[in-house]
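Inspection log for the structure reproduced underneath, given as structure tokens.
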Amino acid sequence: MYEQASHALLNEILLELKPEIGKFRLRHFYTRLGANFYAIHSLLRLLYGDRPDFKEQMVSLVDTLALRYIERSHHLRESDLMRERNYNWFLSQKWVGMALYCDRFAGDLKGLRAKLPYLQDLGINMLHIMPILDSPPKHSDGGYAVRDFCKIDPRLGTTEDVESLAANLKKRDMLLILDVVVNHTSNEHEWAQRARQGDKKYQDYYYVFDDREIPDIYEETMPEIFPASSPGNFTWDEGMGKWVMTVFNNYQWDLNYHNPAVLIEMIDIILFWANKGADILRLDAVAFLWKKMGKACQNEREAHLILQLMKDCCQVTAPGVLFIAEAIVAPSEISKYFGEDAINAKECEIAYNATLMALLWDTVATKNANLLNRGVKNLPEKLERATWLNYVRCHDDIGLGFADNDVSLSGYDPIQHRRFLIDYFTGKFPGSPAKGLTFGENPKTGDARISGSLASLVGLETALKNQNEEAIDAAIKTILLLHSMILSFGGIPLLYYGDAIGTLNSIEYLADPSKRDDNRWANRSYFDWSKAEQRHQNGTVEQRIFGALKKMIALRKKTNAFADFDNRQILEVDNPNLLAFSRTDPQNSRSKILVIANFNVAPQTLNISALRTYGFFQRDGMNDLYSDTIILSENDQTTIPALSFYWLAD
Ligand code: OTU
Numbered sequence: 124m125y126e127q128a129s130h131a132l133l134n135e136i137l138l139e140l141k142p143e144i145g146k147f148r149l150r151h152f153y154t155r156l157g158a159n160f161y162a163i164h165s166l167l168r169l170l171y172g173d174r175p176d177f178k179e180q181m182v183s184l185v186d187t188l189a190l191r192y193i194e195r196s197h198h199l200r201e202s203d204l205m206r207e208r209n210y211n212w213f214l215s216q217k218w219v220g221m222a223l224y225c226d227r228f229a230g231d232l233k234g235l236r237a238k239l240p241y242l243q244d245l246g247i248n249m250l251h252i253m254p255i256l257d258s259p260p261k262h263s264d265g266g267y268a269v270r271d272f273c274k275i276d277p278r279l280g281t282t283e284d285v286e287s288l289a290a291n292l293k294k295r296d297m298l299l300i301l302d303v304v305v306n307h308t309s310n311e312h313e314w315a316q317r318a319r320q321g322d323k324k325y326q327d328y329y330y331v332f333d334d335r336e337i338p339d340i341y342e343e344t345m346p347e348i349f350p351a352s353s354p355g356n357f358t359w360d361e362g363m364g365k366w367v368m369t370v371f372n373n374y375q376w377d378l379n380y381h382n383p384a385v386l387i388e389m390i391d392i393i394l395f396w397a398n399k400g401a402d403i404l405r406l407d408a409v410a411f412l413w414k415k416m417g418k419a420c421q422n423e424r425e426a427h428l429i430l431q432l433m434k435d436c437c438q439v440t441a442p443g444v445l446f447i448a449e450a451i452v453a454p455s456e457i458s459k460y461f462g463e464d465a466i467n468a469k470e471c472e473i474a475y476n477a478t479l480m481a482l483l484w485d486t487v488a489t490k491n492a493n494l495l496n497r498g499v500k501n502l503p504e505k506l507e508r509a510t511w512l513n514y515v516r517c518h519d520d521i522g523l524g525f526a527d528n529d530v531s532l533s534g535y536d537p538i539q540h541r542r543f544l545i546d547y548f549t550g551k552f553p554g555s556p557a558k559g560l561t562f563g564e565n566p567k568t569g570d571a572r573i574s575g576s577l578a579s580l581v582g583l584e585t586a587l588k589n590q591n592e593e594a595i596d597a598a599i600k601t602i603l604l605l606h607s608m609i610l611s612f613g614g615i616p617l618l619y620y621g622d623a624i625g626t627l628n629s630i631e632y633l634a635d636p637s638k639r640d641d642n643r644w645a646n647r648s649y650f651d652w653s654k655a656e657q658r659h660q661n662g663t664v665e666q667r668i669f670g671a672l673k674k675m676i677a678l679r680k681k682t683n684a685f686a687d688f689d690n691r692q693i694l695e696v697d698n699p700n701l702l703a704f705s706r707t708d709p710q711n712s713r714s715k716i717l718v719i720a721n722f723n724v725a726p727q728t729l730n731i732s733a734l735r736t737y738g739f740f741q742r743d744g745m746n747d748l749y750s751d752t753i754i755l756s757e758n759d760q761t762t763i764p765a766l767s768f769y770w771l772a773d
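According to the working numbering, the sequence shown is numbered sequentially starting from 124.
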């Protein structure tokens, strides 16, 4: 938008930019800056307009954007232009992602390159490499405590290795996702060290206090994130002789975005990794970006303004690069990370669908789709240029983040139901085969979360131990059923690295004093390549899971209706064990897929008369894409086998 005051300011700023910038031809940069400047200026003014150095900060920001644009390689600029033209590229059903740890999957970055054929065998074409930056080995939080934002962990390789991996992925038509940990740094980061040495400039990068007075006020309203292993939100730093805000682990110092220098540094780092060839950046813990006394310090309005600024700035320099919001928060809050009041995403184009994930886990314990049906119906309307990241399992714990109201309407008491789920997944509930662990139990609030690998949580570990074929079969079916949902729901499916071969909980972390208090490591195994080889052996557990997932992924890619263009409709069915939804081909509204899932351990009857009104079952049967068989209806009914799904087409 054009507005006089900001345009006049833009003209002034352009004269004040670093002289070397003037030497370059920056046509695309200037058109994009012009298009986004009003937004950038307005947002920055809202956040920092009162500061006497406001204009200097603006100049410094525009300098940063220009210098990173100059640095951006020719082929990345070309890719930006291509994505500008084909701006819905990421909504296609062709993308299927996987998240993995470079070291645990492949040793190092060079090793990872050698393992790409495994990913391609499965059909993965979007690779999220979990944090690979320099981080103190004993206090790393799995890489989320970053010591140097521009240096790769030397045990994994170098920045050049990342660039060459990115180039290699591109040749394979695969995308690269990297993390930017925007909320905090390691206490060994240079900024923290300088702060510790008494440098006021860097103390202002964090929330630092002389005594407990203000921290105590904050604590009145801030929940605890790791109450068991790192209680409270502040840590006394002996070297500095001050308290510092540490919402996550006590060695992760929260960055203070009240200081515009912090925002500019982080935008610079975002663009640094964009320039190294990342297609998508996962912004960690975005709900926490703004702290305010008297508030929960999560999902604050200013956190959204910060993200809008990051997006607007990224669009000026590297418009082809997308953001993933990692905001594992209440269902009503998550979608705001696409940007509120927007048509197109103006914060992050992609967001973790933590709601769907938690709802799917509810079905595993209850064996019905009561809460799932309610929860998915209440998922907010999707923006036009935005999509979900749908996942079953990841490197973190599972939080039971459903809306209490939905839980009540499903006929459960919210507190008791959550207790039941924890008991179920930790195997305490009578008859439960799950082998999960309680994570982050908070005696003050009664909250708890769950750790454990997918296979162990659905009972595969127990079934294998008991050599119970029927139970093994049920566990495998559950793994496939859950994946059938994330592959067909709409959005980008993100698999987790061990899950395609049924990786069980790992216990190796218990022997490591720096990890043993954090049982999320139970679901961060070293990938077992000899186990992976079993996928070629007919009838093995690995082959049964891998083979089926590979087939589903291939089908998804072929099926236009699985692209994400607001083309899903949840269908009412009169059986609470089932979830049914339709997916419409965005290019041909007459071509539809009917997805039906049965979460119960017994076969279920589906009444199809209601489905006829949506255009399904016009004849006696429909073709299940997955099994390639005709599913017949008889007396207006059809049967869905236990723990199974159909992808039905005409
Ligand atoms: C993220 O997690 C990472 O995924 C975790 O591995 C890190 O420990 C954490 O940030 C700190 O960097 O911030 O918005 O239930 O879901 O910690 C959500 C807790 C996060 C996690 C939460 C999450």
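In this text, a Cβ means the ideal position worked out from N, Cα and C, and glycines have one as well.
Item                                                                                                                   : Value
Spatial neighbours of residue 124 in its chain, beta-carbon cut-off 7 Å, leaving aside the 5 residues before and after : 161
Element boundaries [alpha helix (DSSP H), containing residue 499]                                                      : 493–500
Beta bridge counterpart(s) of residue 634 as assigned by DSSP                                                          : Bridge partners of residue 634: none, in fact.
Distance cut-off 7 Å: residue 669 Cβ against heavy atoms of the ligand OTU                                             : no
Short Cβ contact (8 Å threshold) for residue 391 with residue 187                                                      : yes
Nearest to residue 179 (by Cα), restricted to the options 139, 192, 152                                                : 139
Rounded distance between the beta-carbons of residue 628 and residue 656, thought under 8 Å                            : Actually they are not in contact, since the Cβ atoms of residue 656 and residue 628 sit about 21 Å apart, beyond 8 Å.
Residue 652, buried or exposed, once every other Cβ within 10 Å from all chains shown has been counted against 16      : exposed
Sub-8 Å separation of residue 232 and residue 284 beta-carbons                                                         : yes
Sequence-distant residues of its chain with Cβ nearer than 7 Å to residue 163 (five each side left out)                : 432, 435, 436
Residue 724 burial status per 10 Å Cβ neighbour count (16 or more: buried)                                             : exposed
Assumed close pair residue 351, residue 309 - CB separation to whole angstroms, cut-off 8 Å                            : 21 Å between Cβ atoms; not a contact.
Contact between the segment 753–765 and the segment 735–745 (3+ Cβ pairs under 8 Å)                                    : yes
beta-carbon residue 267 near the ligand OTU non-hydrogen atom, thresh 7 Å                                              : yes
Within the segment 237–294, ranges of the beta strand (DSSP E) (whole runs, at least 3 residues)                       : 249–252, 271–275
Burial state of residue 661 (16 or more Cβ within 10 Å)                                                                : exposed
Helix, strand or coil at residue 746 according to DSSP, with G and I counted as helix                                  : strand
Of the residues 250, 557, 235, the one placed nearest residue 221, counting alpha carbons only                         : 250
Start-to-end residues for the alpha helix (DSSP H) that takes in residue 608                                           : 592–611
Beta-bridge partners of residue 221, as assigned by DSSP                                                               : 250, 618
Integer-rounded CB distance, given that residue 466 should sit under 8 Å from residue 507                              : 6 Å
Other residues of its chain near residue 156: CB distance less than 6 Å, five sequence neighbours each side excluded   : 439
Terminal residues of the alpha helix (DSSP H) in which residue 395 lies                                                : 383–398
Extent of the continuous alpha helix (DSSP H) run through residue 485                                                  : 477–489
For residue 149, three-class secondary structure by DSSP                                                               : coil
Secondary structure, alpha helix (DSSP H): runs of 4+ residues fully inside the segment 492–579                        : 493–500, 527–532, 537–548
Spatial distance of residue 568 from residue 581 (CA atoms)                                                            : 27 Å
Residue 731 - DSSP class collapsed to helix/strand/coil                                                                : coil
Run of the beta strand (DSSP E) containing residue 692, from where it starts to where it stops                         : 691–694
Continuous alpha helix (DSSP H) stretch holding residue 205: start and end                                             : 197–208
Spatially closest choice to residue 760 from 348, 704, 697, by CA coordinates                                          : 697
Span of the beta strand (DSSP E), counted from its first residue to its last, around residue 769                       : 767–772
Distance cut-off 7 Å: residue 312 Cβ against heavy atoms of the ligand OTU                                             : no
Opposing strand residues paired with residue 329 [DSSP bridges]                                                        : 378
Reference residue 683; option with closest CA among 704, 694, 708                                                      : 708
Beta-bridge partners of residue 307, as assigned by DSSP                                                               : 377
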